[in-house]
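Scroll down for the structure; my scribbles are underneath it.
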Amino acid sequence: MRISAGNLKKSDFVNFQGGICQVQKADFYSPGKGSALMKARLKNLITAKNVEYAYKSNEQVEVLDVTSVDMQYIYKDQENLYFMDERTFNQSALPISVVGDISKFFKEGEKMFVYMYNDKPLTIRPPMSVRLKIIEADDAAKGDTVSGAKKPVTVETGATVMVPIFVKVGETISINPETGEYTGRV
Amino acid sequence: MEIKTAVKNLSNYKIYLQVEKAINEFLSKNNYLKIELPVLSPVLIPESYLKVFETDFNFINKSEKLYLTPSPELFLKRLLAYGVGDCYYLGKSFRNFDPPATLHSYEFVMLEFYKMEANYMDIADVVLKLLQSIKKQTIYQGKIISFEKWEKITITEAFKKYSNISETELFNHRLFIKKAKQKKYQIDGFTYEDLWSQIYSQEIEPHLGTNGYPTLIYDYPKEFAALAKLNSDGKTTQRFEFYIEGIELGDCYTELTDWKEQEMRFKKEEKVSHPIDKGYIEALKYGLDDCSGIAIGLERLAMIFANLTSIDQLKLINIS
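First to last, the sequence lines map onto chains W and D. Counting in UniProt numbering, the first sequence runs from 1 upward without gaps. Counting in UniProt numbering, the second sequence runs from 1 upward without gaps.
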């Protein structure tokens with residue numbers, strides 16, 4: 001589907017200089033000299049490198065028609081995350097570098113959507129939130145009563161998250177995996 | 001769109017207030033008169049690339065169109081022609097096509113000041129002192145930015161240095177478009193101005209103001225400055241912009257005071273939907289002495305001093 005670059009949005013997939021890229025950020029920019037621009041940060045899904053590109057806001061861009069498939073996250077090794085399609089038992093591998101930092105919040109066995117294009121996996125669709133159990137936390141220091149004070153805790157996937165000091169070991173919390181921020185107790 | 005309350009931005013907002021205060025103090029100390037202005041006007045200066053907000057003012061059985069001003073220039077130029085002297089406006093301006101983004105908002109705070117018997121490089125000196133009056137140096141995104149001096153580069157030098165586009169190619173529309181094609185930019189249906197703007201943003205802006213000093217980039221092709229004085233080379237105008245870490249903060253030019261030239265350039269501007277401010281030409285006919293002025297986005301500037309990457313982080317209420 002062809003769209004005006006001005007309508008590009010985060011997580012769209014585009015072909016850019018011969019590679020499939022995902023839009024990480026699309027920011028309107030008007031330099032006041034000629035046409036308005038859409039400044040996009042594009043992540044190449046092979047090299048995992050980001051590139052900044054200023055599209056003219058009314059230039060036509062081909063947005064790839066991708067599908068998302070419900071898969072189970074099974075395990076990871078040094079380089080890849082492995083997913084399984086529960087209907088076909090087909091396995092797909094995605095490089096950790098492509099999926100990015102959010103993968104540190106993935107728990108084995110969780111269901112996730114994987115974006116596919118021409119039967120090839122591209123990357124995952126980040127869940128809105130993940131629920132993880134706290135396995136390690138310090139008790140709040142005495143006298144630390146400042147409103148909004150936070151402490152680091154370790155969750156079951158091994159990731160560290162900043163939480164309000166009243167949150168304890170064994171509790172399950174929800175996290176926005178894209179920002180890594182604590183959003184509440186569940 | 002919705003209203004977003006962000007009291008968490010309170011400490012950033014206080015930095016914004018400090019910057020605003022320092023600017024008012026500096027300009028007042030240097031005898032610039034602060035001028036309050038209407039934000040609604042029945043006529044505007046024709047600038048085809050600016051889209052404006054319009055509203056209907058209804059009274060008795062009549063109705064009149066009014067427009068939110070995209071800049072205070074039309075008012076200030078009149079006042080300058082009729083003798084108000086060095087002056088400034090620090091207040092809201094409106095542009096009806098800037099969606100809320102990192103560096104843009106459809107309503108924003110603009111500082112615009114003018115100095116008589118001055119050209120653009122005199123204004124550059126004033127801006128440097130103004131920045132120093134806010135702070136001698138600041139740390140932005142981990143880098144020290146000193147306001148001790150400008151790093152200066154002309155548009156022609158910058159295109160050569162960062163884009164490998166020669167002076168001949170830069171000013172010749174056909175050659176420039178050919179070069180853009182070689183660089184794999186989409187050229188079908190786009191003008192010289194469109195492509196110029198794209199290459200400038202893509203290949204040049206990211207380098208400006210990245211060496212520990214603000215960068216002053218100057219002498220734009222005449223296509224990009226409808227209200228600026230022409231240089232003696234006949235193809236560039238006395239316009240500069242300044243940057244810190246690739247972020248454009250201000251736009252200055254030596255004002256065009258020749259009313260015939262101004263009237264001609266207005267006619268060249270594409271058809272605009274609002275009535276054209278004829279009083280502006282009248283004021284120039286009355287006679288405008290040599291002067292120069294600059295527009296600075298206050299939120300962007302405060303964003304630098306608050307070490308932030310987006311203007312909405314300065315605000316307690318955002319609408320987006």
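Every residue gets a Cβ at the ideal spot worked out from N, C-alpha and C, and that includes glycine. Note that this is a predicted model, so its numbers are computed, not measured.
Is residue i helix, strand or coil by DSSP?
i      : result
W:D138 : coil
D:P206 : helix
D:F97  : coil
D:Y185 : coil
W:T160 : strand
D:V126 : helix
D:S105 : coil
D:T257 : coil
D:F147 : coil
W:L132 : strand
W:N15  : strand
D:I294 : strand
W:A36  : coil
W:N90  : coil
Tell me whether residue i is buried or exposed, calling it buried when 16 or more other Cβ atoms sit within 10 Å of its Cβ.
i      : result
D:T309 : exposed
D:L10  : exposed
W:Y53  : buried
D:A228 : buried
W:M112 : buried
W:A26  : buried
W:Q162 : The displayed chain sequence assigns Met, not Gln, to residue 162 of chain W. W:M162 should be labelled exposed.
W:Y55  : buried
D:Y89  : buried
D:K17  : It is Leu, not Lys, that sits at residue 17 of chain D in the sequence shown. Label assigned to D:L17: exposed.
D:L216 : buried
W:Q22  : buried
D:P38  : exposed
W:A149 : exposed
W:M71  : buried
W:V169 : exposed
W:G6   : buried
D:R300 : buried
W:M38  : buried
D:A225 : buried
D:G142 : exposed
D:K62  : exposed
Measuring only the C-alpha atoms, how far is residue i from residue j?
i      : j      : result
D:Y162 : D:R174 : 20 Å
D:T210 : D:E245 : 5 Å
D:D233 : W:I96  : 56 Å
D:E2   : D:F97  : 17 Å
D:E107 : D:H274 : 19 Å
D:Y286 : D:F190 : 39 Å
W:V98  : D:I187 : 32 Å
D:A158 : W:K107 : 50 Å
D:I304 : D:S146 : 12 Å
D:A6   : D:K14  : 13 Å
D:Y67  : D:F57  : 10 Å
D:N307 : W:R41  : 21 Å
D:Q313 : D:A302 : 10 Å
D:I319 : D:K51  : 19 Å
D:K181 : W:R125 : 35 Å
D:L40  : W:F83  : 59 Å
D:E167 : D:I199 : 15 Å
D:S201 : D:F240 : 15 Å
D:M116 : D:C252 : 14 Å
D:G250 : W:L122 : 42 Å
W:I3   : W:V153 : 44 Å
D:I165 : D:K179 : 8 Å
D:K235 : W:Y115 : 51 Å
If contacts are defined as beta-carbon pairs under 8 Å, then residue i and residue j qualify, I think. What distance do you get, rounded to the angstrom?
i      : j      : result
D:W150 : D:Y213 : 7 Å
D:I134 : D:I294 : Actually they do not touch by this definition, with Cβ atoms about 15 Å apart.
D:T154 : D:Y218 : 6 Å
D:P72  : D:I276 : Rounded, the Cβ-Cβ distance is 17 Å, inconsistent with contact.
D:I281 : D:E263 : 5 Å
D:L208 : W:Y29  : At roughly 14 Å, the Cβ-Cβ gap does not stay under 8 Å, so D:L208 and W:Y29 are not in contact.
Kindly identify the DSSP beta-bridge partner or partners of residue i.
i                      : result
D:Y89                  : D:E112
W:D85                  : DSSP, once it has assigned bridges, lists no residue as partnering W:D85.
D:T309                 : The partner list for D:T309 (beta bridge, DSSP) is empty, contrary to what the question assumes.
W:V23                  : W:L42
D:Y213                 : The partner list for D:Y213 (beta bridge, DSSP) is empty, contrary to what the question assumes.
W:T172                 : W:K133
W:A54                  : W:K39
D:K34                  : D:Y88
residue 188 of chain W : Residue 188 of chain W lies beyond the range of chain W shown here (1 to 186); nothing can be said about it.
If we cut at 8 Å on Cβ distances, does residue i have a partner in chain C?
i     : result
W:K10 : The question asks about chain C, but that chain is absent: this structure's protein chains are W and D.
Could you check if residue i belongs to the surroundings of the ligand NAP, using beta carbon to heavy atom distance under 7 Å?
i      : result
W:M162 : For the ligand NAP, the structure offers nothing, since it holds no ligand at all.
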